[in-house]
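Top to bottom, those sequences are chains A and B.
Under this note's numbering, the first sequence has 147 at position 66, and the numbering climbs by one with no breaks.
Under this note's numbering, the second sequence has 128 at position 31, and the numbering climbs by one with no breaks.
Glycine included, every Cβ here is placed at the ideal spot set by N, Cα and C.
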Amino acid sequence: EPEVTQTPSHQVTQMGQEVILRCVPISNHLYFYWYRQILGQKVEFLVSFYNNEISEKSEIFDDQFSVERPDGSNFTLKIRSTKLEDSAMYFCAIRTANTGELFFGEGSRLTVL
Amino acid sequence: AQRVTQPEKLLSVFKGAPVELKCNYSYSGSPELFWYVQYSRQRLQLLLRHISRESIKGFTADLNKGETSFHLKKPFAQEEDSAMYYCALSTGANSKLTFGKGITLSVRP
Numbered sequence: 082e083p084e085v086t087q088t089p090s091h092q093v094t095q096m097g098q099e100v101i102l103r104c105v106p107i108s109n110h111l112y113f114y115w116y117r118q119i120l121g122q123k124v125e126f127l128v129s130f131y132n133n134e135i136s137e138k139s140e141i142f143d144d145q146f147s148v149e150r151p152d153g154s155n156f157t158l159k160i161r162s163t164k165l166e167d168s169a170m171y172f173c174a175i176r177t178a179n180t181g182e183l184f185f186g187e188g189s190r191l192t193v194l
Numbered sequence: 098a099q100r101v102t103q104p105e106k107l108l109s110v111f112k113g114a115p116v117e118l119k120c121n122y123s124y125s126g127s128p129e130l131f132w133y134v135q136y137s138r139q140r141l142q143l144l145l146r147h148i149s150r151e152s153i154k155g156f157t158a159d160l161n162k163g164e165t166s167f168h169l170k171k172p173f174a175q176e177e178d179s180a181m182y183y184c185a186l187s188t189g190a191n192s193k194l195t196f197g198k199g200i201t202l203s204v205r206p
């Protein structure tokens with residue numbers, strides 16, 4: 082079973098600050114995804130990333146968001162200037178090559194004050 | 098655009114009772130349907146997918162294209178089944194998952 086580690090597990094930040102959430106898949110994968118879940122709401126797709134490029138993004142993923150895989154290992158989600166409504170759990174997911182299953186990390190809880 | 102509807106937020110049953118968690122979808126093509134489960138303080142995990150047609154932990158789900166449904170069923174619920182359950186849809190091999198709102202299943206002793 083693949084492993085996906087997300088850091089930090091919980092981050093508290095002030096509105097307007099930049100936040101970087103990290104995802105480290107243990108083995109090599111090509112497809113990466115970020116989802117978020119606002120408390121009490123459903124899991125929402127943010128962006129998919131393939132071959133070092135964004136392959137699809139939702140309307141939530143505006144100019145304040147960016148993703149990159151700077152060193153071929155870490156997969157990061159950056160929020161440039163956080164807003165109160167960015168408070169949510171952010172999940173990273175990878176797609177396994179053999180089964181095609183989406184495997185999720187444990188999530189990073191972001192609290193914007 | 099695709100959509101997944103889970104009409105109920107909470108289902109509470111006694112141990113040993115049958116369970117049916119409802120899921121309906123809308124998509125004009127041929128979707129792939131999944132059920133994910135999230136136990137307390139754990140990650141989202143794949144429970145089952147319609148193309149494998151298998152039973153996991155006693156759960157089954159059949160894709161009904163006529164009714165556009167993918168209901169999750171278990172004949173005898175166990176306390177350890179208590180969790181959040183999410184129905185999800187994918188439109189292609191590497192495309193994103195679209196989730197329903199999820200349902201909390203609570204199995205009482």
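Any C-beta of chain B under 8 Å from that of residue i
{"i": "SER129 (chain A)", "result": "yes"}
{"i": "GLU134 (chain A)", "result": "no"}
{"i": "VAL105 (chain A)", "result": "no"}
{"i": "PHE172 (chain A)", "result": "yes"}
Cβ-Cβ distance between residue i and residue j below 8 Å
{"i": "VAL193 (chain A)", "j": "LYS164 (chain A)", "result": "yes"}
{"i": "VAL85 (chain A)", "j": "PHE146 (chain A)", "result": "no"}
{"i": "PRO128 (chain B)", "j": "THR188 (chain B)", "result": "yes"}
{"i": "GLN122 (chain A)", "j": "LEU191 (chain A)", "result": "no"}
{"i": "SER154 (chain A)", "j": "GLN87 (chain A)", "result": "no"}
As assigned by DSSP and simplified to three states, the class of residue i
{"i": "GLU164 (chain B)", "result": "coil"}
{"i": "GLU125 (chain A)", "result": "strand"}
{"i": "LEU165 (chain A)", "result": "helix"}
{"i": "GLU149 (chain A)", "result": "strand"}
{"i": "GLU177 (chain B)", "result": "helix"}
{"i": "TYR182 (chain B)", "result": "strand"}
{"i": "PHE111 (chain B)", "result": "strand"}
Neighbour flag for residue i against chain A, beta carbons, 8 Å
{"i": "GLY197 (chain B)", "result": "yes"}
Own chain residues within Cβ distance below 7 Å of residue i, not counting five before or after
{"i": "THR157 (chain B)", "result": "LYS170"}
Any non-hydrogen atom of the ligand FAD closer than 7 Å to residue i Cβ
{"i": "ALA174 (chain B)", "result": "With respect to small molecules bound, the structure shown includes none, and the ligand FAD cannot be examined in it."}
Residue i: contacting residues in chain B (beta-carbon distance under 9 Å)
{"i": "TYR114 (chain A)", "result": "LYS193, LEU194"}
Interface residues of chain B facing residue i [CB-CB closer than 8 Å]
{"i": "LEU120 (chain A)", "result": "Those do not exist, as LEU120 (chain A) stays about 12 Å from chain B at its closest Cβ, beyond 8 Å."}
Residues near residue i in its chain [Cβ-Cβ closer than 6 Å; skip 5 each side]
{"i": "GLN142 (chain B)", "result": "VAL134"}
{"i": "SER136 (chain A)", "result": "SER129"}
{"i": "ILE153 (chain B)", "result": "LEU144, LEU145"}
Residues that residue i contacts on chain A, provided the C-beta gap is smaller than 7 Å
{"i": "TYR183 (chain B)", "result": "VAL124"}
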